[in-house]
Amino acid sequence: MADAKKRTPEVVTKRSAKPARATKAKVPTAKRAKAPVEREREEAFERVLVRGRVSYAKDLRVERALRVYDELEKLYPEPRCELDYDTPFQLLIAVILSAQTTDKRVNSIAPALFGAYPDARALAGANLFDLREILRPIGFFRAKARAIRTTAKYLVKHHGGEVPRTMAELVKLQGVARKTANVVLGEAFGIAEGIAVDTHVARVAQRLGLTRGGTIRRMELDLMELTPRERWAKDHLRLVLFGRYRCVARSPKCEGCPLRGACFAPEAQHDSSP
Ligand code: SF4
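In the working numbering, the protein residues as written are 1 to 274.
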């Protein structure tokens with residue numbers, strides 16, 4: 001018995017040595033030293049593009065962006081927002097309503113909507129049933145009717161019925177996120193706070209290697225660092241128009257596309273010539 005009791009500490013010591021070896025193997029010194037260098041390189045230069053296959057330096061990406069935007073400028077010299085509106089308030093409401101539908105559909109109900117409720121005070125006092133009937137053709141009309149009436153009430157209560165001119169205030173409104181706020185600030189007030197990334201902008205920017213992809217915010221930051229602030233509003237509109245009418249999601253019109261040589265989309269690689 002006495003011998004058994006004396007041996008116990010030796011057994012414990014041997015077992016405790018195993019985890020110590022495992023810990024050393026998990027965090028090698030060389031790896032710890034490399035991490036900051038890799039991070040620095042990534043932040044400064046390296047960009048991994050769509051599907052992680054192509055990487056190149058940031059200055060090359062800027063160069064590529066300027067070439068892309070030059071071509072888009074030739075296609076759309078004076079790009080315009082395609083939503084119908086007369087005031088910043090109407091633009092704000094139209095952009096909120098354009099979620100999950102097309103600008104064309106929103107424009108189809110705009111005369112009835114803004115004829116009945118031209119400003120925030122009128123919309124704040126709207127009958128919800130009447131409002132739904134007007135919005136019915138654009139889909140999600142129940143939720144959208146509630147959202148725009150709540151927004152109008154908020155504007156009346158906190159901003160005297162006017163549309164605020166800052167990102168911080170705009171994103172407090174119901175149905176308004178950065179994308180909508182960016183469109184309203186740029187289009188209604190000429191304020192370049194960022195670049196609105198909608199489905200068209202995201203698709204075109206990824207196909208043309210202007211962004212590493214990822215989150216919408218990440219894409220916006222990528223686009224913002226490529227061109228000067230004064231170009232953002234028009235760059236955004238050009239990307240939207242190109243994505244809406246040419247570089248569409250399914251079956252993009254690659255034949256004769258002036259950006260085909262700069263495009264990473266699989267559709268662009270397909271040679272459709274006879
Ligand atoms: S080549 Fe096709 S996919 Fe590429 S940018 Fe042009 S239309 Fe879009």
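Beta carbons are placed, not taken as given, at the ideal position from N, Cα and C, and that holds for glycine.
In this structure, the ligand SF4 has no non-hydrogen atom nearer than 7 Å to the beta-carbon of arginine 67. Within the same chain, Lys172, Leu173, Gln174 come within 8 Å of tyrosine 154 by CB-CB distance, once the 5 residues on both sides are set aside. Taken in chain order, the whole alpha helix (DSSP H) runs of length 4 or more contained in the region 46 to 124 are 58 to 75, 88 to 97, 103 to 116, 120 to 124. The criterion of a C-beta distance shorter than 8 Å is satisfied by tyrosine 69 and threonine 227. A buried status is given to histidine 236, since no fewer than 16 other beta-carbon atoms sit within 10 Å of its beta-carbon. If the five residues before and after phenylalanine 189 are omitted, its C-beta is found closer than 6 Å to the C-beta atoms of Arg165, all from its own chain and listed in chain order. Distance from isoleucine 216 to alanine 202 at the Cβ level is roughly 7 Å; contact confirmed, criterion being Cβ atoms closer than 8 Å. The alpha-carbon separation between glycine 160 and alanine 120 amounts to approximately 9 Å. Chain order is used for the residues whose beta-carbon lies nearer than 7 Å to a heavy atom of the ligand SF4, namely Val204, Arg207, Leu208, Arg246, Cys247, Pro252, Lys253, Cys254, Cys257, Leu259, Arg260, Cys263, Ala265, Glu267, Ala268. Distance from the CA atom of alanine 145 to the CA atom of arginine 132, rounded to whole angstroms, is 6 Å. Annotation: the continuous alpha helix (DSSP H) that includes lysine 234 extends over 232 to 245. Counting other Cβ atoms within 10 Å of its Cβ, alanine 168 stays below 16 and is therefore classed as exposed.
By the criterion of at least three beta-carbon pairs nearer than 8 Å, the region 124 to 139 is not in contact with the region 59 to 67. Taking a 10 Å sphere around the C-beta of glutamine 269, we find fewer than 16 other C-beta atoms and assign the residue as exposed. The alpha-carbon separation between glutamate 187 and leucine 239 amounts to approximately 15 Å. Between the region 96 to 116 and the region 252 to 266, the count of Cβ pairs shorter than 8 Å is below three; the stretches do not touch. A distance of 8 Å or more separates the beta carbons of alanine 143 and isoleucine 96. Residue environment analysis places proline 111 among the exposed positions, since fewer than 16 neighbouring C-beta atoms fall within 10 angstroms of its C-beta. With respect to the C-alpha of arginine 67, the residue from Glu230, Leu208, Glu255 having the closest C-alpha is Leu208.
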